[in-house]
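Since the structure comes first, as structure tokens, the remarks are kept for the end.
In the working numbering, the protein residues as written are -9 to 122.
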């Protein structure tokens, strides 16, 4: 079935036009790849990010997820892949941003780091001890 004019978006990547009927059907939206957010699905065209797809309910990711992604960006890698000193730094950065005031944050951060809750508590306690 050819793409109808109601799906053609002038000035956007051709991939966005190609999947527009699908996105309309599932309630998703296409956003420029450089405007993607955590939770968006990046689609590639010729080995380069072309667009990101935001599925229904993905518009607002949790504050904690956003903080984790920001810290990953600052530390230059996914949290589970970082060496222990960088994981400790990640916990410190997350604490400074108020991450641990959020419900179930220790569990979420532990999962993101690939460590136990006990380890996250140890990192937090060590950081508090270093301040005094």
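Cβ coordinates follow ideal geometry from the N, Cα and C atoms, glycine included.
Values in this document were obtained by computation on a predicted structure and should not be read as measured data.
According to DSSP, residues forming a beta bridge with residue 19: DSSP links residue 19 through a beta bridge to 44.
Beta-bridge partners of residue 39, as assigned by DSSP: For residue 39, the beta-bridge partners assigned by DSSP are 34.
Nearest-angstrom Cα separation, counted from residue 84 out to residue 42: Cα-Cα distance, rounded: 26 Å.
Own chain residues within Cβ distance below 8 Å of residue 111, not counting five before or after: Cβ neighbours of residue 111 beyond the five flanking positions: 96.
CB-CB length for residue 53 against residue 92, believed under 8 Å: Confirmed, about 7 Å.
For residue 63, three-class secondary structure by DSSP: In the structure shown, residue 63 sits in a helix (DSSP, three-state: H, G or I).
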